[in-house]
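For reference, the structure is listed below as structure tokens.
Residue numbers (the numbering used here), protein chains in the order written: chain U, 11 to 523; chain E, 11 to 523.
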């Protein structure tokens, strides 16, 4: 086995956090903006988000939701109506207090004291309360239900310690909000959307997530039930990749979302909300990235195939570009994974080999290089991003199909890559979940010994109140949290690892982002 | 000719402003949010905006731009670097001063004095300065140019008098920002994007706009040249529907956007910016709406065809739904105007006739009703939104093709509607532009006499400084503004209507939104 010289300066094994930043900057996905806690999402990173948006939006619409748009500013008084909700968000809200600037004493600009708002406005951290107001206006009768809305928007939660994509003061997301006639339908819808997220995460992003219910202490502020999908990162930590909340009648009471029921009486609606954000991009990086940079499931790759002619600033460049253009046109006319294939012919100035490594770091699924000799032989040099290296000679594992065969087989390669990235993530996840731990001392040992320990599944009695707080504190001492109670886990059999009482369900423990 | 009973309570002739609000509320497009100056865009209104986004985004990408995302917050100091720019926006900026709320003395929430920002942040009114910062980091060499970016985002300009879609404190838009090596290329690109806007406005929205250059006094703060597309509303007023700015090196100097040129020296970039917003939705309403509500060019209709079975809560409903579903499936499998046909089969509770009028007011291009007798006869009842009435009997002008023929001809009807709405707008515009007015007294008479006078094209000498100010004041007294200097206007021939000097170009005068 030959030594491979990887494309990044940092490796996952050396320093996972530094590697993460390296992937983001060398793939030109995002960067610090200079504005506290806010990032700039660069075209390649935003292109991935656009692909996610398109795929998830289709799934959300297919389940009967319509998109709408609500104000970015929320009056303080709206928040005050739901006590737990405001308690949960008050510490991290950006507050608008003035609507004009004037020249200050030193010539710089200052907020105009004459233009102070009577009631400060909060930049939305989430929109339950403002959308609740609209629902109260729109829902009159049972005929108006269910009301199924979704919004794509920016939100702001002031964060002191930020990390690109994973935790930023401003982030992009979708937030779904629905109102239903009764508890059963609303709870059912909460799970329908959790399943939409699971399918999106697995089938589109190849994340191999575990759906389940959050324990009480991890609920969304104001929710009755919170469900999540949890993804395992390559360092063994968990990433909460999406949440779906059953809100009971809490927000309906706060905003007055009532309807005339079939008996002519008045009932409160039961509402749900659910969201997925740009954080998911961080999950894709930490699930699929390797020591050469990003790898992307083809469904979310801004470009699935990049063709690089090896131009030499000579007259025969033109013939080479024509040769590549024919392949580009063939590929662009094909469909893969249900959509037109996305292919880029990159003829910008610069050496093909340097560009190759740029696209490797960006995670373009297939890179095709074409030099003069390739053209003479009627072939192309094709590199699969998920099988980059020939381990025997330590060189990039180029295949050299004829141009015609490349034109035919590229869609199959992309489809194969989409499913093999999911299989890889599933296998890694299963290999790194330890089940059947019954003694808390073992948990302590497990998480203190291994560097990337993965997750542990334990049985518990679902304690509440002070008993639950004690559990949370014990886990906190190990920097652990309960991730969720997986749907479809094996039946319980034994005692609660925390309380010694008969166990009622299984719960996943992990370090988390 | 029979009396027609229109679907709205207000008519354009009675009160154009009230009619506009009536269209918006009865089509359920948008409403006041309760948050000062901010509107809620409801699903039907947002669906139109989503269609616009998709079509314009395709055009922007086809001209080589990539989408990216920049922070919503801009530090004050960024603005201070470009004097004209800050002067233009300081009076209408929402200012964030705190990042946390705490309980105040009366128990309500107040901004936490301990969490006051060192430097206040402005909610972006436009992003030249923050994107300029990024460009300065990304552009190093001539090889990095041109840099062509676009952003879809919300922006805030604090407005005292708001009108839905046309003027709101928060609005949605796209803002394109590009950096170029020299003046010629940047100016050329400014016009390329103006042409993209013109094509989008005419071919997709059927607005029949006039592209041209804004006079100096109407330029974007900090721009060297501002170009616009101007659309004529049915009340004869002008709506600026999109602008494209050549910014010279003003923002490049402010942000330090420099590059190493081919000679090895350092040069400043020349930048452009251009934007189109949700204001365009208002333009669609005031161009195409009629006394029955909204009419929509099929390309931007969220649903192009709505099928309404006349359900009677009886067992034979099922056969009727099957009959309609077959038509829906036939239509959904077809393409029209370059995209899959959008068709909705609406089986929600409620009377078909009441729903018909809801969709008329919403501007669904084709409404198909199907009753039991239609089914027996193998036909459907088809209503074209742009030819709603049989003027002879005052009734809706239903056609009754067989279901098979309807399945075949609907795409043709939609394509015809798309082009006939444009023709209608073009003809109205041309009929309402008065050319060849050479005496300012005539202009005065014209705009004071007619209720919906349209526009007047005059010749002028393009004065500057005090002379221009005087022109602006004279027009202001008549509530008029100069809209733009149309591209491709007839050659000048005579004197400036304002100064008496030899005219150099033609300029459009109008009342405007």
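Don't be surprised by glycine CBs; every beta carbon is placed ideally from N, CA and C.
(request) Return the chain-ordered ranges of every beta strand (DSSP E) run that is complete within the stretch 150 to 223 of chain E and spans a minimum of 3 residues. (result) 157 to 166, 180 to 190, 220 to 223
(request) Can you check DSSP and say which residues form a bridge with residue 269 (chain E)? (result) E:277
(message) Please state the DSSP three-state secondary structure of residue 561 (chain U).
(response) No answer is possible for residue 561 (chain U): the residues shown for chain U start at 11 and end at 523.
(message) Counting C-beta neighbours from all protein chains within 10 Å, is the total for residue 433 (chain E) 16 or more, i.e. buried, or is it exposed?
(response) exposed
(message) Give me the subset of the stretch 78 to 94 of chain E whose CB atoms are less than 9 Å from a CB atom of chain U, sorted by chain position.
(response) 78, 79, 80, 81, 82, 83, 84, 85, 86, 87, 88, 89, 90
(message) Could you check whether the Cβ of residue 78 (chain E) sits closer than 7 Å to any heavy atom belonging to the ligand ATP?
(response) Within the structure as shown, the ligand ATP is missing, as the structure has no ligands at all.
(message) Can you pull out the residues from the stretch 354 to 372 of chain U whose beta carbon lies closer than 9 Å to at least one beta carbon of chain E?
(response) 358, 359, 360
(message) Less than 7 Å between C-beta atoms, sequence neighbours within five positions excluded: which residues of the same chain meet that for residue 78 (chain E)?
(response) 159, 161
(request) Could you tell me how far apart the beta carbons of residue 43 (chain U) and residue 81 (chain E) are, in whole angstroms, since I believe they sit closer than 8 Å? (result) 5 Å
(request) Name the residue from U:140, U:195, U:410, U:270 whose alpha carbon lies nearest to the alpha carbon of residue 387 (chain U). (result) U:410
(message) For the stretch 15 to 47 of chain E, list every residue whose C-beta sits within 7 Å of some C-beta in chain U, in sequence order.
(response) 43, 44, 45
(message) Taking a contact to mean a Cβ-Cβ separation below 8 Å, would you say residue 374 (chain E) touches residue 291 (chain E) in this structure?
(response) no
(message) Under 8 Å, Cβ to Cβ, is there at least one residue of chain E near residue 56 (chain U)?
(response) yes
(message) Is it buried or exposed, residue 418 (chain E), if we count other Cβ atoms within 10 angstroms and call 16 or more buried?
(response) exposed
(request) Using alpha carbons as the reference points, say which of E:165, E:131, E:139, E:219 lies closest to residue 179 (chain U). (result) E:131
(message) When you compare the CB positions of residue 408 (chain E) and residue 431 (chain E), do they come within less than 8 Å of one another, or not?
(response) no
(message) For residue 265 (chain E), which residues in the same chain have their Cβ closer than 6 Å to its Cβ, ignoring the five residues on either side in sequence?
(response) 142, 143, 146
(message) Just checking: is the beta-carbon of residue 350 (chain E) within a distance shorter than 8 Å of some beta-carbon in chain U?
(response) no
(request) Kindly say whether residue 144 (chain E), judged by its beta-carbon, lies nearer than 8 Å to any beta-carbon of chain U. (result) yes
(request) Please list the residues of the stretch 487 to 510 of chain U that have a C-beta atom closer than 8 Å to any C-beta atom in chain E, keeping them in chain order. (result) none
(request) Run the CB neighbour count on residue 243 (chain E), radius 10 Å, all protein chains shown included, and call it buried at 16 or more, exposed below. (result) buried
(request) Note down, in chain order, all residues in the stretch 91 to 123 of chain E with a beta-carbon under 8 Å from any beta-carbon belonging to chain U. (result) 96, 100, 101, 102, 103, 104, 105, 106, 107, 108, 109, 110, 111, 112, 118, 119, 120, 121
(request) Check residue 421 (chain U) in the structure and name its three-state DSSP category. (result) helix
(message) Between the alpha carbons of residue 41 (chain U) and residue 185 (chain U), how many angstroms are there, rounded?
(response) 25 Å
(request) Determine, using beta carbons only, whether residue 295 (chain E) comes closer than 8 Å to chain U. (result) no
(message) For residue 504 (chain U), count the other beta carbons within 10 Å of its own beta carbon; 16 or more makes it buried, fewer makes it exposed. Which is it?
(response) exposed
(request) For residue 130 (chain E), decide whether its Cβ has a neighbour in chain U, counting only Cβ atoms nearer than 8 Å. (result) yes
(message) Taking its Cβ as the centre, do 16 or more other Cβ atoms sit within 10 Å of residue 361 (chain E), making it buried, or is it exposed?
(response) exposed
(request) Within its chain, find whatever has a CB closer than 7 Å to the CB of residue 19 (chain E); leave out the 5 residues flanking it on each side and keep chain order. (result) 32
(message) Against chain E, with Cβ distances strictly below 8 Å, would residue 135 (chain U) count as a contact?
(response) no
(message) Using a Cβ-Cβ distance cut-off of 8 Å, determine whether residue 183 (chain E) contacts chain U.
(response) no
(message) Just verifying my parser: in three-state terms, what is the DSSP assignment at residue 130 (chain E)?
(response) strand
(message) Could you tell me the alpha carbon to alpha carbon distance between residue 122 (chain E) and residue 108 (chain E), rounded to whole angstroms?
(response) 7 Å
(request) Using a Cβ cut-off of 9 Å, pull out every chain E residue sitting near residue 168 (chain U), in sequence order please. (result) 109, 110, 125
(request) Could you check if residue 473 (chain U) is buried or exposed, using at least 16 other CB atoms within 10 Å of its CB as the buried criterion? (result) buried
(message) To be precise: take each residue of the stretch 257 to 285 of chain U, compare its Cβ to all Cβ atoms of chain E, and keep it if any distance is under 8 Å. Which residues remain?
(response) none
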